[in-house]
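Numbering (our numbering), first residue to last: 195 to 427.
The following block contains the structure:
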């Protein structure tokens, strides 16, 4: 009797599972649900120039280093100068369209630095071994939230998540055109009508934690340094 009872329970659970999976498969996919109205915020009425200045202030207060640049050529020079000043020799670079158009490898004046792309490596194991051993990871940022100084990166096949998390130093390029006042506006920017990214990373300053005595420590769960290149676009 016990065996028959277990069979009955297992069949019922299997039927329920199939019913749920069937409903999920046929359900309408909602990429942009109706969110509640945003509460009043002084950031929503600010002009763009003020938002950029607030972003820089918040990034600096959180321990990030911020460098300003005007246009692609000045950005390349600024990145090259920082890499040379820090003595970095190996940099892992994301392959998103903006970084590809920047063509750091062909314009670099710092000939001691090697720019490595994920596609240069053979297989996932070689990629993981390299991304954890380079001096820094260089990525583009998809949105920057002024009110909190938060950088938002949408990950896909051209923007690997590990490049912004595994190296001890994260070099992040922020285009002023992607600076938004609040989180809600950032989500509108990084989740276009084309669909959802595989993952989103929200970065507010260098990785920091504290021990039981409340002693702060950087770099426990991510880069210990965040260097931001803010370029006018």
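Backbone N, C-alpha and C define an ideal beta-carbon position, used for all residues, glycine too.
What is the DSSP secondary structure of residue i, counted as helix, strand or coil?
i           : result
residue 270 : helix
residue 427 : coil
residue 308 : strand
residue 396 : strand
residue 315 : coil
residue 352 : coil
residue 390 : coil
residue 430 : In this structure the chain extends from 195 to 427, so residue 430 is not present and cannot be described.
residue 197 : Because the pLDDT at residue 197 is just 48, under 50, the model does not fix this residue reliably, and the value given afterwards should be weighed accordingly. DSSP places residue 197 in helix when its eight states are reduced to three.
residue 335 : coil
residue 287 : strand
residue 374 : strand
residue 328 : coil
residue 208 : helix
residue 235 : coil
Taking the alpha helix (DSSP H) that residue i falls in, what are its first and last residues?
i           : result
residue 247 : 242-255
residue 383 : 377-384
Since residue i is in the beta strand (DSSP E), which residue starts that stretch and which ends it?
i           : result
residue 340 : First-last for residue 340: undefined, no H or E at that position.
residue 292 : That residue, residue 292, is in no beta strand (DSSP E); its alpha helix (DSSP H) goes 291-296.
Out of the options, point me to the one whose CA is closest to residue i's CA.
i           : options            : result
residue 332 : 313, 420, 240, 249 : 420
residue 308 : 293, 261, 330      : 330
residue 368 : 282, 344, 355, 284 : 344
residue 378 : 294, 339, 269, 335 : 339
residue 360 : 400, 391, 209      : 400
residue 295 : 251, 265, 324      : 265
residue 398 : 392, 342, 385, 363 : 342
residue 417 : 323, 356, 394, 392 : 356
residue 258 : 383, 375, 363      : 363
residue 375 : 211, 213, 249, 217 : 249
residue 335 : 299, 293, 281      : 293
residue 392 : 380, 348, 317      : 348
residue 291 : 213, 239, 350      : 350
residue 427 : 213, 214, 216, 267 : 267
On the premise that residue j lies in contact with residue i, defined as a C-beta separation below 8 Å, what is that separation, rounded to the nearest angstrom?
i           : j           : result
residue 425 : residue 263 : 4 Å
residue 289 : residue 352 : 5 Å
residue 337 : residue 422 : Rounded, the Cβ-Cβ distance is 13 Å, inconsistent with contact.
residue 284 : residue 328 : 4 Å
residue 312 : residue 358 : Not confirmed; about 13 Å, so no contact.
residue 287 : residue 298 : 7 Å
residue 346 : residue 394 : 6 Å
residue 260 : residue 253 : 5 Å
Per DSSP, what are the beta-bridge partners of residue i in this structure?
i           : result
residue 263 : 425
residue 299 : Residue 299 is not bridged to any residue.
residue 420 : 364
residue 346 : 337, 396
residue 369 : 425
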